[in-house]
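Protein chains in written order, with this note's numbering: chain B, 3 to 381; chain Z, 3 to 381.
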């Protein structure tokens with residue numbers, strides 16, 4: 003690994019009267035050598051081991067608000083996810099008024115982290131679905147038996163959904179233990195696929211303990227699951243991406259336990275950075291996020307930025323599906339298509355339970371609405 | 003596992019005009035079944051699978067500010083760390099104005115998660131240090147060679163420090179690869195201990211990838227390390243606690259990448275909950291946190307609450323050392339002793355590098371200041 007540098011733009015709103023240059027230098031030191039400035043060896047400055055302030059731009063019309071671009075040596079982040087996050091936003095997470103709004107990685111970092119293995123094209127090919135968004139749902143609620151969940155899944159698959167994921171609350175509880183649930187659901191889906199002649203993929207929630215989670219990934223693969231639902235902040239930012247790669251599983255990421263990064267517009271990371279740029283770099287093929295206009299707090303602009311971070315051009319990286327969710331309904335399908343376009347994995351969860359007592363009917367209504375919206379749009 | 007319930011108090015400041023009862027119910031549903039209220043099966047209500055609002059108390063003199071106590075069935079959190087965090091603060095992390103300020107676990111949960119294995123008494127006994135705070139440092143900066151870090155460590159150990167940890171930026175970079183660093187440092191510490199006739203413990207930073215981290219823990223144990231430095235949010239909230247238990251290593255937790263949970267007084271968790279209550283429950287013997295008056299943002303009250311969460315009485319749990327850090331100096335030792343008392347692991351990092359070019363001299367000055375402060379206090 004050479005001493006190439008990668009670039010991070012922090013939006014900084016100082017909470018004291020020190021000049022912005024002092025705040026910028028604080029970040030450079032805190033995220034690397036973390037010692038008083040006068041104790042830093044001269045060679046550390048010369049070799050660029052301390053972060054370097056590349057530019058400071060005051061935002062027009064935003065007093066006390068700056069975009070600070072800092073570069074770090076890539077070998078300090080060492081092409082490992084825990085290490086990289088520590089450099090990007092380790093101790094400064096405990097300060098105030100620092101928000102990551104952009105990151106530019108080196109080619110070598112992109113190659114090392116690897117990005118989506120399937121991406122939009124790979125998932126479309128595997129499902130044999132072109133020209134429309136994917137129809138996706140989550141099976142719930144937690145507390146049903148594995149048998150009941152499997153029946154639900156079978157219905158959704160017969161109704162024509164493309165991707166079914168576990169609700170993120172379904173982990174390994176006695177109501178629906180992981181292996182029993184996964185094997186019953188995969189059986190139900192196999193039966194449905196045989197009947198319909200098309201394909202539905204199931205992504206079980208991968209959230210076991212350190213000592214059980216690899217066995218879960220291997221089990222999901224052995225049962226024929228196409229992918230897994232990965233909650234990076236519950237199981238470790240590296241864990242799910244690593245296991246999916248090892249067991250050749252697609253990755254759908256879930257944003258549970260990530261929210262404190264976003265909710266303050268002046269501190270943390272934007273949704274586009276964490277759920278988009280970083281999760282895509284790490285290997286997300288589909289990234290679930292709470293859509294605007296539902297139960298959550300993302301704005302329309304934040305959602306669009308996130309979709310761009312997942313699908314926009316990025317040298318060396320496949321693109322990933324944005325999967326807007328969180329209070330979506332069949333009635334909103336047309337509006338969501340307008341907002342996000344075809345390369346989207348639309349996720350309607352609880353509203354399908356409400357639409358009809360028969361999951362097959364609900365699923366068919368969802369897919370029909372989707373096809374109608376697409377054909378209306380194309381006319 | 004029985005259907006016992008545990009209790010979480012959320013401080014809620016609604017961001018819309020709906021009644022507080024609606025916000026409380028939102029949390030109960032979002033963190034469990036996550037479906038529209040009218041789609042929840044009657045049996046789920048009867049069996050208490052949905053969270054239950056136990057009380058809502060409006061805070062005196064704080065308009066639009068409520069303490070909402072909610073109980074959850076313990077078997078929904080299933081005595082696993084990723085699962086528990088998902089119930090405590092999963093999707094609601096992406097909402098606004100919800101802060102965890104208190105948690106009461108069941109006896110069975112306490113037993114299952116286990117808490118500190120050594121605790122304050124166990125670590126004191128192993129070090130043979132009684133009647134004063136521990137003298138602790140972090141070796142840095144990142145980018146020195148393993149040999150230089152080992153020389154630094156040897157000096158600190160000869161100077162009489164009790165615990166030396168890696169700076170959290172020292173991971174597995176080519177400057178100081180994990181195994182080379184740990185074996186050189188342990189050699190230096192063994193030599194120093196032989197010379198002084200006392201004991202210094204070294205805690206290396208455990209932040210490898212999923213596929214390397216267990217080997218790192220095993221290596222640290224084989225080299226004779228007493229404990230490891232665990233950054234739960236970088237490696238997964240379960241990973242380090244699990245490995246330390248498996249390899250019989252003490253746990254010092256590090257707060258890197260946790261900060262977005264704290265910095266908004268109206269959303270997230272208090273430092274006492276995450277770095278205190280939860281990390282202690284999961285197995286922290288020492289919890290490092292940024293002290294007030296240094297480079298970070300915690301208030302004095304937050305730090306004291308955190309110390310109480312680590313050391314206060316808790317049925318079935320050993321107590322853990324609070325380790326205030328982040329810009330501390332030898333001059334502040336007396337004030338820190340006054341503030342935190344004897345059962346504290348005082349951590350002075352970069353300031354030791356500045357105090358003298360000879361680490362042995364710096365370490366001795368730290369320990370001497372500590373002993374003087376203690377004897378002054380006892381007089």
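Using N, Cα and C, we set each Cβ at its ideal position, and we do this for glycine too. Owing to the predicted nature of the structure, the values given are computational and were not obtained by experimental measurement.
Check residue 126 of chain Z in the structure and name its three-state DSSP category.
Looking at residue 126 of chain Z - three-state DSSP - the assignment turns out to be helix.
Residue interval of the alpha helix (DSSP H) (run including residue 62 of chain B):
First-last for residue 62 of chain B: undefined, no H or E at that position.
Of all the residues that make up the region 105-125 of chain B, which are near chain Z by a beta-carbon distance shorter than 8 Å?
Residues of the region 105-125 of chain B that bring their beta carbon within less than 8 Å of a beta carbon in chain Z are absent altogether.
What in chain Z is Cβ-close to residue 206 of chain B, meaning under 9 Å?
Neighbours of residue 206 of chain B on chain Z: none; closest Cβ ~14 Å, over 9 Å.
What three-state label does DSSP hand residue 234 of chain B in the structure shown?
The answer is helix: DSSP assigns residue 234 of chain B an H, G or I state.
Go to residue 45 of chain B, then tell me how far its alpha helix (DSSP H) extends in each direction, as first and last residue.
Element bounds for residue 45 of chain B: 44-48.
Just the C-alpha distance for residue 227 of chain Z and residue 141 of chain Z, rounded to the nearest angstrom, thanks.
In a straight line, the C-alpha of residue 227 of chain Z is about 15 Å away from that of residue 141 of chain Z.
What's the C-alpha gap between residue 368 of chain B and residue 292 of chain B?
Between residue 368 of chain B and residue 292 of chain B, the C-alpha separation is close to 19 Å.
Let me check one thing: in DSSP terms, what residues is residue 74 of chain B bridge-paired to?
Per DSSP, B:8.
For the ligand NAD, I want to know if residue 309 of chain Z counts as a neighbour, meaning its beta carbon is within less than 8 Å of at least one of the ligand's heavy atoms.
The model on display carries no ligand, and the ligand NAD is accordingly not part of it.
Cα-Cα separation, residue 236 of chain B to residue 209 of chain B
Looking at the two C-alpha atoms, the distance is approximately 7 Å.
How is the beta strand (DSSP E) around residue 138 of chain B delimited, first residue to last?
Its beta strand (DSSP E) spans residues 136-141.
Determine which residues share a DSSP beta bridge with residue 252 of chain B and list them.
BP columns for residue 252 of chain B point to B:229.
Sequence-distant residues of the same chain with beta carbon closer than 8 Å to residue 29 of chain B, five excluded per side:
The residues are 12, 14, 53, 70, 72, 94, 100.
Measuring only between beta-carbons, confirm whether residue 211 of chain Z sits less than 9 Å from chain B.
Closer than 9 Å: yes.
Which chain B residues are close to residue 221 of chain Z, counting only those with a beta carbon under 7 Å from its beta carbon?
Within chain B, not a single residue places a beta-carbon under 7 Å from that of residue 221 of chain Z; the smallest gap is close to 17 Å.
Which residues in the same chain have their Cβ closer than 7 Å to the Cβ of residue 76 of chain Z, if we skip the five residues on either side of it in sequence?
In its chain, beyond the 5 residues on either side, 3, 6, 7, 8, 108, 110, 111 have a beta carbon closer than 7 Å to the beta carbon of residue 76 of chain Z.
CB contact check: residue 235 of chain B to chain Z, cutoff 9 Å:
For residue 235 of chain B, the closest Cβ of chain Z is nearer than 9 Å.
8 Å contact criterion, which residue 207 of chain B and residue 172 of chain B should meet: CB distance rounded:
About 5 Å separates the two Cβ atoms, so the contact holds.
Just to confirm before moving on: does the CB-CB distance between residue 328 of chain Z and residue 296 of chain Z stay below 9 Å?
Note that the C-beta distance between residue 328 of chain Z and residue 296 of chain Z is below 9 Å.
Just tell me which of Z:320, Z:337, Z:232 has its CA closest to the CA of residue 123 of chain Z.
The shortest CA-to-CA distance from residue 123 of chain Z to any of Z:320, Z:337, Z:232 is the one to Z:320.
Would you report the Cα separation of residue 152 of chain Z and residue 239 of chain Z, rounded to the nearest angstrom?
Cα atoms of residue 152 of chain Z and residue 239 of chain Z: separation of roughly 29 Å, rounded to the nearest angstrom.
Using only the alpha-carbon positions, how far apart do residue 191 of chain Z and residue 160 of chain Z sit?
When rounded, the distance between both Cα atoms is 8 Å.
Check residue 132 of chain Z in the structure and name its three-state DSSP category.
The DSSP-derived three-state label of residue 132 of chain Z is coil.
I want to see whether chain Z comes within less than 9 Å of residue 362 of chain B, judged by CB atoms only; does it?
No, because no Cβ of chain Z sits closer than 9 Å to the Cβ of residue 362 of chain B.
Suppose you measure from the CA of residue 376 of chain B to the CA of residue 339 of chain B; what does that come to, to the nearest Å?
CA-CA distance, residue 376 of chain B to residue 339 of chain B, rounds to 8 Å.
Keeping to the same chain, check which residues put their C-beta closer than 7 Å to that of residue 27 of chain B; ignore five residues upstream and five downstream.
Here residue 27 of chain B has 55 as same chain residues with Cβ atoms under 7 Å from its own Cβ, once five neighbours each way along the sequence are excluded.
Just to confirm my understanding: we take residue 276 of chain B, look at its own chain, exclude 5 residues before and 5 after, and list those with CB closer than 7 Å. What are they?
Closer than 7 Å at the Cβ level, and outside the excluded window around residue 276 of chain B, lie 260, 263.
Closest by C-alpha distance to residue 119 of chain B, when choosing among B:254, B:380, B:271, B:18
Closest by alpha carbon: B:254.
Contact defined as beta carbons within less than 8 Å: I believe residue 243 of chain B pairs with residue 284 of chain B. What is the distance between those atoms, to the nearest angstrom?
With 8 Å as the limit, residue 243 of chain B and residue 284 of chain B qualify as a contact, their Cβ atoms being about 5 Å apart.
Which same chain residues, not among the five before or five after residue 182 of chain Z, have their C-beta less than 7 Å away from its C-beta?
148, listed in sequence order.
Taking residue 198 of chain B as the reference, give the member of B:178, B:234, B:157 with the closest Cα.
Put simply, of B:178, B:234, B:157 the residue whose alpha carbon is nearest the alpha carbon of residue 198 of chain B is B:157.
Any chance you could list the alpha helix (DSSP H) runs of at least 4 consecutive residues sitting entirely within the region 296-335 of chain B, in chain order?
Counting only runs of 4 or more, we get 302-313.
Can you pull out the residues from the region 63-92 of chain Z whose beta carbon lies closer than 8 Å to at least one beta carbon of chain B?
Answer in chain order: 77, 78, 80, 82, 83, 84, 85, 87, 88, 89, 91, 92.
Reduced DSSP category for residue 185 of chain Z - H, G, I as helix; E, B as strand; rest coil:
Here residue 185 of chain Z sits in helix by DSSP.
For residue 84 of chain B, report the span of its beta strand (DSSP E) as first-last.
It is not in any beta strand (DSSP E) - residue 84 of chain B instead sits in the alpha helix (DSSP H) that spans 83-91.
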